[in-house]
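Each remark here refers to the structure printed beneath this line.
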Amino acid sequence: MILSGSSEGVSNPLDPLLGARYPHSLQISVFADEGPQMSETIENLFQEGRSFPPPEALSRDANASAEIYQKAAADPQGFWVEEAKQLLWSRPWDQVLDDSKAPFYRWFVGGTLNVTESCLDRHVATNPDRIAFHWEGEAGDSRSLSYQQLLSEVCRCANGLKQMGVAKGDTVAIYMGMVPEIVVAMLACARIGAAHSVIFGGFSADSLRDRIDDCACKAVITQDGSWRRGSVVPLKKNVDDSLVGQQTVKSVLVLKRAGNEVDWQQDRDHWWHDVIPQQDDTCCAEVMDSEDLLFILYTSGSTGKPKGIVHTCGGYLTGVSSTFRNVFDIKQDDLFWCTADCGWITGHSYIVYGPLANNATSLIYEGTPDHPEQDRWWKLIEKYRVSILYTAPTAIRTFMKWGESLPAGCDLTSLRLLGSVGEPINPEAWMWYHEHIGQQRCPIVDTWWQTETGSIMITPLPGVTTTKPGSAATAYPGIDARVVDDEGTEVQRGHGGILVIDSPWPSMLRGIHGDPERYREVYWSRYDGIYFPGDGCKVDEDGYLWLLGRVDDVMLVSGHNISTTEVESALVDHPAVAEAAVVGRTDERTGQAIAAFVVLRSSVKGHDDLIGELRNHVATKIGPIAKPSSIVFTPDLPKTRSGKIMRRLLKDISEQRKLGDVTTLANADIVDAIRDGVSGSSSEDQ
Ligand code: WT7
Numbered sequence: 026m027i028l029s030g031s032s033e034g035v036s037n038p039l040d041p042l043l044g045a046r047y048p049h050s051l052q053i054s055v056f057a058d059e060g061p062q063m064s065e066t067i068e069n070l071f072q073e074g075r076s077f078p079p080p081e082a083l084s085r086d087a088n089a090s091a092e093i094y095q096k097a098a099a100d101p102q103g104f105w106v107e108e109a110k111q112l113l114w115s116r117p118w119d120q121v122l123d124d125s126k127a128p129f130y131r132w133f134v135g136g137t138l139n140v141t142e143s144c145l146d147r148h149v150a151t152n153p154d155r156i157a158f159h160w161e162g163e164a165g166d167s168r169s170l171s172y173q174q175l176l177s178e179v180c181r182c183a184n185g186l187k188q189m190g191v192a193k194g195d196t197v198a199i200y201m202g203m204v205p206e207i208v209v210a211m212l213a214c215a216r217i218g219a220a221h222s223v224i225f226g227g228f229s230a231d232s233l234r235d236r237i238d239d240c241a242c243k244a245v246i247t248q249d250g251s252w253r254r255g256s257v258v259p260l261k262k263n264v265d266d267s268l269v270g271q272q273t274v275k276s277v278l279v280l281k282r283a284g285n286e287v288d289w290q291q292d293r294d295h296w297w298h299d300v301i302p303q304q305d306d307t308c309c310a311e312v313m314d315s316e317d318l319l320f321i322l323y324t325s326g327s328t329g330k331p332k333g334i335v336h337t338c339g340g341y342l343t344g345v346s347s348t349f350r351n352v353f354d355i356k357q358d359d360l361f362w363c364t365a366d367c368g369w370i371t372g373h374s375y376i377v378y379g380p381l382a383n384n385a386t387s388l389i390y391e392g393t394p395d396h397p398e399q400d401r402w403w404k405l406i407e408k409y410r411v412s413i414l415y416t417a418p419t420a421i422r423t424f425m426k427w428g429e430s431l432p433a434g435c436d437l438t439s440l441r442l443l444g445s446v447g448e449p450i451n452p453e454a455w456m457w458y459h460e461h462i463g464q465q466r467c468p469i470v471d472t473w474w475q476t477e478t479g480s481i482m483i484t485p486l487p488g489v490t491t492t493k494p495g496s497a498a499t500a501y502p503g504i505d506a507r508v509v510d511d512e513g514t515e516v517q518r519g520h521g522g523i524l525v526i527d528s529p530w531p532s533m534l535r536g537i538h539g540d541p542e543r544y545r546e547v548y549w550s551r552y553d554g555i556y557f558p559g560d561g562c563k564v565d566e567d568g569y570l571w572l573l574g575r576v577d578d579v580m581l582v583s584g585h586n587i588s589t590t591e592v593e594s595a596l597v598d599h600p601a602v603a604e605a606a607v608v609g610r611t612d613e614r615t616g617q618a619i620a621a622f623v624v625l626r627s628s629v630k631g632h633d634d635l636i637g638e639l640r641n642h643v644a645t646k647i648g649p650i651a652k653p654s655s656i657v658f659t660p661d662l663p664k665t666r667s668g669k670i671m672r673r674l675l676k677d678i679s680e681q682r683k684l685g686d687v688t689t690l691a692n693a694d695i696v697d698a699i700r701d702g703v704s705g706s707s708s709e710d711q
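Positions in the sequence shown are counted from 1; adding 25 to them yields the numbering used here.
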């Protein structure tokens, strides 16, 4: 037994007597002798050696070159001032940053602008016919809108809203699918100075009601129904249900899209086609203060009551416009496709505001990736000659499960740059994206940010950064990111800890709607006066950042803080695995034991030998300490509606607890399947 010594002083010592009964503790002890210090805030276990320099041709013409890092480091505020000057302001600011009431920061104080003028009017003045959006419906119908057409639509809708009594300072709920009118509705609100609160079309009437009440919306914009895999989601009916007894909403504007029957409340409901087309197609843009409210967006809420994240005009547009231009290296002949939904921050920042501020042409697709077949996305890329694709790891892992023959059957040669956002991308999923979608030609920008940060914070720059699969690289110019330990001391290279952002940045959230105390408490109290995003992170020898998932998900196994991301990446590294989720299940011996849930690639069948093989694979890849004590095969994982794995639920299942709130779950039926799998499986330790 090699247990003594190495485990001394550890809160959860490995009892040497257990060794005989639990053969794995021997392996753990060997690791403890050789492994990192047990007091690490989060361990650094997974090592990834591959790296990819930027393609020369891209570097030569890139929007951002290496010197922007130096410029921004020398004078961060000066950098943001230059970025803000790219926008159209009606009055210049008097002060760049007001930090006198921190953490309630204000940017470009005294400046005025209307974001729609930067996004639309100035482009219409120079090139009215340039396409802003190509849109494809789920059934294959399509439309293209030029900047001129988009501006006219926005003005008509803005005038329609005014006619319905919506004014500057009001809040409007938008509950729609991915139709061009959702963009029109958002911009129409911005045009007249009303804040939009976009609520994802997959949310229930109850969730909708909570959000409408929270910010006292004056109007709702919706559709009769939206298309999803050939059937109709009854959006108008959900709105009706949500408004029973509701006081603040005076009007509901309804776009006819799916043609389903709807109930009608004469004094409240208006058809889009009755009200909007006959409006004047010009509408004077309301002059907004830089710090006036632009929108409220509720975080997807995998824990606790949803928070209404507040964003304002000048700083937000500065951040999204700058990052869009530099991270996606957008050029006039690019066709950009962000696959997110406008119900999430990714859709706000990189479908609507970032691309339009940069005069880009984008694709919007209404439907799901598997309708009518699982190659729909690749067909769209071929049809529209998409050059930049921005999507999420959950989608990439789903495509891995479906197999590479689907993208191989389409012409993807138009692609030149790929992006990822939403979760850590496991190195093997990164490699799959690189090989089967990017055809080894396209750099990948793994972009870390949050609803709260408004725009991308940690990312490679495609013409500058040598990328490493699984790492989001370094902070964007003008952003101050560090990794610290529990006490707030910066960790040395080669170690893990907690990500913090040291200085304020223009597109940061301005608060949680109606709850300043919660804003302080959640984001600014963990380390006094420093922004705490809630993510674990490690920094490697080259200073690259590797995001490790939410700190709440970190597992404590025999005194080691192990991130879910590292174990999941080790599992996904095995050729049989498409997707994996791990959680720490309470365990008498080790404090927590690692319970793994694994989705296999379609071509693979699960069997008992494979369980042993996967456990050993994790042990070889990152060390015996991280070996899952149980593995359950499942056809899918429980996900939030924005595609994030809901580990909290898996933990409940693993510990055989009654399940917490499942209303934010996108695929509720999978829970029973997983529960059956858990009760039928035996843990390797027993
Ligand atoms: C959380 C924020 C940002 C738009 C979509 C999600 C995780 C996001 C990455 C990434 C590792 C990531 C973090 C973050 N996350 N991007 N590239 N690598 N983790 O917005 O719903 O506000 O979620 O998503 O945990 O805190 P959100």
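All C-beta atoms, glycine included, are put in the ideal place defined by N, C-alpha and C. Only a predicted model underlies this, so the values are computations on that prediction, with no experimental measurement involved.
Pick out whichever of 667, 203, 117 has its Cα sitting closest to the Cα of residue 420.
667
At a Cβ threshold of 9 Å, is residue 681 touching chain D?
Reference to chain D is not applicable here, since this structure consists of a single protein chain.
Can you find the residues in the same chain that come closer than 6 Å, C-beta to C-beta, to residue 148, ignoring five residues on each side of it along the sequence?
172, 384
Can you grab the Cα-Cα spacing for the pair residue 92 / residue 514, in whole Å?
Roughly 29 Å separates the two Cα atoms.
Which word fits residue 259, buried or exposed, when buried means at least 16 other C-beta atoms lie within 10 angstroms of its C-beta?
Around the C-beta of residue 259, 16 or more other C-beta atoms lie within 10 Å, and the residue is accordingly described as buried.
DSSP bridge partner residues for residue 714 (one or two, in chain order)
There is simply no residue 714 to check, as the chain begins at 26 and stops at 711 in what is shown.
Between the region 167-186 and the region 298-314, are three or more C-beta pairs nearer than 8 Å?
These segments touch.
Just to confirm, does residue 430 get its C-beta within under 8 Å of one of the non-hydrogen atoms of the ligand WT7?
no
Tell whether a beta-carbon distance below 9 Å holds between residue 220 and residue 197.
Going by C-beta atoms, residue 220 is nearer than 9 Å to residue 197.
Which first and last residues belong to the beta strand (DSSP E) in which residue 161 is found?
156-161
Determine whether the beta carbon atoms of residue 560 and residue 575 lie at a separation below 9 Å.
yes
Collapsed DSSP secondary structure at residue 88 in the structure displayed
If DSSP states are grouped into helix, strand and coil, residue 88 belongs with coil.
Select from 669, 157, 70, 442 the residue whose C-alpha is nearest the C-alpha of residue 82.
442
Going by DSSP in three states, residue 655 sits in which element: helix, strand or coil?
strand
Cβ neighbours of residue 537 in the same chain (closer than 8 Å, five flanking residues each side left out)
332, 333, 334, 335, 543, 544, 547
Shorter than 8 Å, the distance from the beta carbon of residue 662 to the closest heavy atom of the ligand WT7, or not?
For residue 662, the shortest C-beta to heavy atom distance toward the ligand WT7 is 8 Å or greater.
Own chain, CB closer than 6 Å to residue 485, minus 5 neighbours either side, in chain order:
470, 492, 498
Could you please go through the chain and list the residues whose beta-carbon is closer than 7 Å to any non-hydrogen atom of the ligand ZN?
Absence of the ligand ZN from the depicted structure is noted, with the ligand WT7 being the only ligands included.
Distance between residue 240 and residue 501 (C-alpha atoms, nearest Å)
32 Å
Give the DSSP-derived three-state secondary structure of residue 530 in the structure shown.
Note: residue 530 maps to coil in three-state DSSP.
State the CB to CB distance for the pair residue 244 and residue 313, rounded to an integer number of angstroms; the pair is presumed to be in contact (CB under 8 Å).
Rounded, the Cβ-Cβ distance is 19 Å, inconsistent with contact.
When the distance is taken between beta carbons, is residue 426 closer than 9 Å to residue 626?
yes
Secondary structure of residue 559, DSSP reduced to three states:
coil
Should residue 517 go down as buried or exposed, given a rule of 16 or more other Cβ atoms within 10 Å for buried?
exposed
Once DSSP output is grouped into helix, strand and coil, what is the label at residue 696?
In this structure, residue 696 counts as helix in the three-state DSSP scheme.
Distance, residue 507 Cα to residue 125 Cα
23 Å
Return the first residue and the last residue of the alpha helix (DSSP H) that residue 263 is part of.
260-267
Would residue 293 and residue 269 be called neighbours here (beta carbons separated by less than 9 Å)?
no
Taking contact to mean 3 or more Cβ pairs, one atom from each stretch, closer than 8 Å, check whether the region 644-652 and the region 393-403 are in contact.
no
Could you check where the beta strand (DSSP E) with residue 131 kicks off and where it finishes?
131-134
For residue 256, list the residues DSSP reports as bridge partners.
253
Can you give me the C-alpha to C-alpha distance between residue 43 and residue 436, rounded to a whole angstrom?
With a pLDDT of 30 at residue 43, under the threshold of 50, the predicted position of this residue should be treated as unreliable, though the coordinate-derived value follows. Their Cα atoms are separated by approximately 58 Å.
Tell whether a beta-carbon distance below 9 Å holds between residue 431 and residue 405.
no
Taking the alpha helix (DSSP H) that residue 14 falls in, what are its first and last residues?
There is simply no residue 14 to check, as the chain begins at 26 and stops at 711 in what is shown.
Please classify residue 315: is it buried, with 16 or more other beta-carbons within 10 angstroms of its beta-carbon, or exposed?
buried
Jot down the residue ranges of each uninterrupted alpha helix (DSSP H) in the region 151-204, minimum 4 residues, whole runs only, in chain order.
172-188
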